[in-house]
């Protein structure tokens with residue numbers, strides 16, 4: 050129970066709401082993804098988040114992590130990859146810039162997350178998490 054409370058509070062702090070089952074990306078967020086030119090991975094399920102007033106949206110898929118990463122790298126061959134800090138982030142910026150570089154750029158993070166089923170009520174096969182982030186604009 051304590052762990053569930055911690056996860057819930059972390060999701061609230063990050064601006065993500067906990068949902069169960071299928072959710073739908075808002076029309077405003079769909080339009081914004083089209084405008085910035087970063088498509089959701091084909092057949093990925095929207096999980097949570099918003100680009101309207103927030104900075105990111107989360108999707109999940111049953112396809113393997115490497116397949117999803119390769120798909121995004123083919124879409125954005127000039128984008129840099131940072132995999133130094135225990136994650137994998139493809140971003141529209143200079144290579145080897147570290148967090149200071151990619152935190153201010155549009156980015157796609159693709160990781161394995163075996164907690165998606167528990168956290169969001171997704172099928173057990175959905176363990177690839179895709180987060181599309183936009184830089185915070187003041």
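Residue numbers (the working numbering): 50 to 187.
The beta carbon of each residue, even a glycine, is placed where N, CA and C say it ideally should be.
These numbers were taken from a predicted model, which means no experiment stands behind them.
- prompt: What's the C-alpha gap between residue 78 and residue 94?
  reply: Cα-Cα distance, rounded: 14 Å.
task: Classify residue 131 as helix, strand or coil using the three-state DSSP reduction.
output: In the three-state scheme derived from DSSP, where H, G and I count as helix and E and B as strand, residue 131 is classed as strand.
task: Hey, could you find the ends of the beta strand (DSSP E) residue 105 is sitting in?
output: Its beta strand (DSSP E) spans residues 105-110.
message: Once the 5 residues before and after residue 180 are set aside, which same chain residues still bring their CB inside 6 Å of it?
response: Cβ-Cβ distances below 6 Å link residue 180 to 105, 107 and 158 in the same chain, with the five nearest sequence neighbours on each side left out; the list follows chain order.
query: In chain order, what residues of the same chain lie with their CB nearer than 6 Å to the CB of residue 141, ignoring the 5 residues before and after it?
result: If we look at residue 141 and ignore the five residues flanking it on each side, its Cβ neighbours are 128, 154 and 155.
- request: Would you kindly work out how many angstroms separate the C-alpha atoms of residue 151 and residue 137, rounded to a whole number?
  value: Distance from the CA atom of residue 151 to the CA atom of residue 137, rounded to whole angstroms, is 11 Å.
message: Quick check on DSSP: helix, strand or coil for residue 87?
response: Note: residue 87 maps to coil in three-state DSSP.
message: Considering only DSSP beta bridges, list what residue 155 is partnered with.
response: None; residue 155 has no bridge partner.
query: Can the beta-carbon of residue 117 be found closer than 9 Å to that of residue 90?
result: Result yes, Cβ atoms of residue 117 and residue 90 sit closer than 9 Å.
Residue interval of the alpha helix (DSSP H) (run including residue 165): Taken as a continuous stretch (DSSP letters only), the alpha helix (DSSP H) holding residue 165 covers 165-169.
- request: Please report the residue range of the alpha helix (DSSP H) in which residue 115 lies.
  value: Counting along the chain, the alpha helix (DSSP H) containing residue 115 begins and ends at 114-124.
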